[in-house]
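Under the numbering used here, the residue at position 256 of the sequence shown is numbered 1287, and the numbers go up by one with no gaps.
The beta-carbon is built from N, C-alpha and C at its ideal position, and this holds for glycine as well.
Taking it in order: structure first as structure tokens, then the write-up.
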Amino acid sequence: MRRLRTSLVVLSTLVTLTALAPAAHPTSARTPGAGTNILVVGIDSRAGLSKAEKNRLNVGGKGCNCTDVMMLVHVSADERRASVVSIPRDSYVTYPEDKTPARSGKINGAYAIGGAALTIRTVEKVTGLRVDHYLETGFTGFEQAVNSLGGAVICTTKPLQDVNSGLDITTGVHEVDGRGSLRYVRARHIDNPGDLGRVRRQQRFTTDLLARLTARDALSGPLAAARTARTLLKSVRTDPGTSLEDLVRIGWALGRLKPSQREFATVPISVFDHRVPGVGSTLLWDKTRSDALWSALAADKPITGDTRIQPASGTPARPEKVQARVDDAAVALALRAAGFQVTDTSATAPATRPAGPPVIRYTPGAEYGATTLATALPGARLERVTGHDAVFDVALGTSPVTVQKVHYDRNTIEGAPAAGHQLGCMDGRL
């Protein structure tokens, strides 16, 4: 029980988890490597929750007894960097051989087949990394953990609503309790990227919670870390091989890090809707980039700044989702050929063009589309206009214009490696 309680030292910085159930199991050592790897998983289970609790937490759906959230946390050997990699639940992988022949499926199904032990071995098999420690908690445990810390901070540049999770917040920065935090990290139906958008929100929540704990000196030393653990009590379970000393060291190390020393990423994806009979829609990893990601962690190297891991020069929005009014017939035709939805407004174009490159005017909050359109028009100047409608306006100037085709890559906005100060509210994002 002592280990069970003190394990919260590290999870207090990683309570982005959404749905977890208790278990205890041994970790396994497969490959050597520098640094420490902690596998943090969330189990999609409603076991033990009353109808009232399900309603209060907006978790009335049916659980699958599988991992709903999975994060691999790497703390460098010198304890001067932490890399948090989210592994999407629908990743299509081959499970390690157990008593039955190896078979493939979603990575979240490993828990349903063989519990935590198979989950650990599956992660080790597909990443090539050794898992040193394992953590999991529950719906109510998550809520209690956040409340014990005095709440959390979340922020958004646009209103967010999700009926399934109960999330309903306005633009800006918000102080939330455990229940509100749970709604935020569970929401899946508010972004085009779906589950990947949720994963990025969990990463944002993690960096902000860690910033909050650091500001309160909750992890400023071994004694402070131990006190934080005691206040969180039974929110998390660990494997038997994880000691009090392990957790205090990890928690203290995380608390000493600056936002720029904490980095977050999602496993790079190449196919976002790989259909498998009997399994459904799955995600296929980008082999080259994901191999580079695991290789960097195995070598105890940073993942931010590694060009092998970063997405190709893709755009954050699909061209066919971008609507624009263009005041030049030839450019309008070329953009339409590149996949954009374009209305030709050349009939109302000014007789004398202003000096300079094209100007793209757009409404606040439409940055993804604006960036995509600007990529197709190299040199274009972006102008955010309050009160502008949802359609982009492209006004040409005197500079020559060349329209380029663009490549859409969802990894660009929802999974690319980023440092904590680039993600969090408390670190200056809003």
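Any idea what DSSP makes of residue i, helix, strand or coil?
i: Asp1322; result: helix
i: Ser1291; result: helix
i: Ala1449; result: strand
i: Ser1179; result: helix
i: Thr1433; result: coil
i: Leu1427; result: coil
i: Ala1052; result: Confidence in Ala1052 is poor, its pLDDT being 29 and thus under 50, which makes the residue's placement too unreliable to answer from.
i: Glu1110; result: coil
i: Ala1078; result: coil
i: Lys1093; result: coil
i: Ala1282; result: One point to set straight first is that residue 1282 is Gly, not Ala, in the sequence displayed. If DSSP states are grouped into helix, strand and coil, Gly1282 belongs with the helices.
i: Thr1313; result: strand
i: Lys1352; result: helix
i: Ala1378; result: helix
i: Gly1272; result: coil
i: Glu1084; result: helix
i: Thr1188; result: coil
i: Met1296; result: According to the sequence displayed, residue 1296 carries Ala and not Met. Ala1296 falls in the strand class under three-state DSSP.
i: Glu1174; result: helix
For the alpha helix (DSSP H) that contains residue i, what are its first and last residues?
i: Ser1122; result: Element bounds for Ser1122: n/a, residue is neither H nor E.
i: Ala1143; result: 1140–1158
i: Asn1068; result: From DSSP, Asn1068 is part of no alpha helix (DSSP H) but of the beta strand (DSSP E) over 1067–1075.
i: Ser1212; result: 1209–1217
i: Asp1099; result: Looking at the DSSP string, Asp1099 is not in any alpha helix (DSSP H); the run it does join, the beta strand (DSSP E), is 1097–1106.
i: Arg1231; result: 1226–1246
i: Ala1368; result: 1360–1368
What residue range does the beta strand (DSSP E) around residue i cover?
i: Glu1167; result: 1164–1168
i: Thr1406; result: Note, Thr1406: premise wrong, no beta strand (DSSP E); alpha helix (DSSP H) at 1398–1407.
i: Phe1303; result: 1300–1307
i: Arg1412; result: 1412–1415
i: Leu1191; result: 1191–1193
i: Leu1454; result: Counting along the chain, Leu1454 falls outside any beta strand (DSSP E), and DSSP gives it neither H nor E.
i: Ile1200; result: 1198–1200
i: Ile1391; result: 1390–1393
i: Lys1137; result: 1135–1137
Might you give, ordered along the chain, the residues of its own chain that have their beta carbon closer than 7 angstroms to the beta carbon of residue i, omitting 5 neighbours on each side?
i: Gly1370; result: Pro1350, Glu1351
i: Gly1410; result: Pro1388, Ser1430
i: Val973; result: Missing from the structure shown is residue 973; the chain here goes from 1032 to 1461 and no further.
i: Asn1178; result: Asp1208, Gly1209
Near residue i, what residues of its chain come up, given a Cβ to Cβ distance below 8 angstroms and the 5 sequence neighbours on each side ignored?
i: Tyr1142; result: Val1072, Ile1074, Asn1096, Cys1097, Thr1098, Leu1149, Thr1150
i: Arg1367; result: Val1373
Taking just the CA atoms, how far does residue j sit from residue i?
i: Ala1329; j: Thr1125; result: 21 angstroms
i: Ala1382; j: Ala1407; result: 25 angstroms
i: Asn1068; j: Asp1163; result: 5 angstroms
i: Gly1136; j: Leu1404; result: 38 angstroms
i: Thr1338; j: Arg1087; result: 45 angstroms
i: Asn1442; j: Ile1300; result: 7 angstroms
i: Tyr1399; j: Phe1423; result: 12 angstroms
i: Cys1186; j: Phe1236; result: 9 angstroms
i: Ile1111; j: Glu1414; result: Rather than Ile, the amino acid found at residue 1111 in this sequence is Arg. The alpha-carbon atoms of Arg1111 and Glu1414 are separated by roughly 40 angstroms.
i: Leu1191; j: Glu1084; result: 23 angstroms
i: Val1184; j: Ala1242; result: 10 angstroms
i: Thr1379; j: Val1310; result: 53 angstroms
i: Ile1391; j: Ala1426; result: 7 angstroms
i: Pro1333; j: Gly1282; result: 20 angstroms
i: His1056; j: Asn1089; result: Per-residue confidence for His1056 stands at a pLDDT of 39, beneath the threshold of 50, marking its modelled position as unreliable; the derived number appears in the next sentence. If you take the alpha carbons of His1056 and Asn1089, they lie about 30 angstroms apart.
i: Ala1246; j: Arg1384; result: 53 angstroms
i: Glu1294; j: Ala1360; result: 45 angstroms
i: Thr1402; j: Val1416; result: 15 angstroms
i: Ser1462; j: Phe1170; result: Examination of residue 1462 is not possible in this model, given that the chain is present from 1032 through 1461 alone.
i: Thr1523; j: Arg1306; result: This structure leaves residue 1523 out entirely; the chain is present only between 1032 and 1461.
i: Ser1117; j: Gly1203; result: 25 angstroms
i: Arg1219; j: Gln1292; result: 28 angstroms
i: Asn1139; j: Gly1145; result: 11 angstroms
i: Pro1271; j: Ala1421; result: 54 angstroms
With a threshold of 8 angstroms between beta carbons, is residue i in contact with chain B?
i: Asp1331; result: No chain B is present in this structure, which holds just one protein chain.
Using a Cβ-Cβ cutoff of less than 6 angstroms, which residues in the same chain neighbour residue i once the five nearest sequence positions on both sides are dropped?
i: Gln1372; result: Gln1354
i: Thr1376; result: Arg1356, Asp1358
i: Thr1335; result: Glu1294, Pro1448, Ala1450
i: Arg1412; result: Pro1388, Val1390
i: Lys1029; result: Because the chain here runs from 1032 to 1461, residue 1029 falls outside it and cannot be looked at.
Touch check for the stretch 1100–1108 and the stretch 1316–1324: three-plus C-beta pairs under 8 angstroms? no
- prompt: Does the pairing of the stretch 1434–1450 with the stretch 1387–1396 give three or more beta-carbon distances under 8 angstroms?
  reply: The stretch 1434–1450 is not in contact with the stretch 1387–1396.
Quiz prompt | Meets three-Cβ-pair contact criterion under 8 angstroms: the stretch 1273–1291 and the stretch 1172–1189 | solution = no
Exercise. Could you tell me whether the stretch 1291–1298 touches the stretch 1113–1122, where touching means 3 or more Cβ pairs closer than 8 angstroms?
Key: yes
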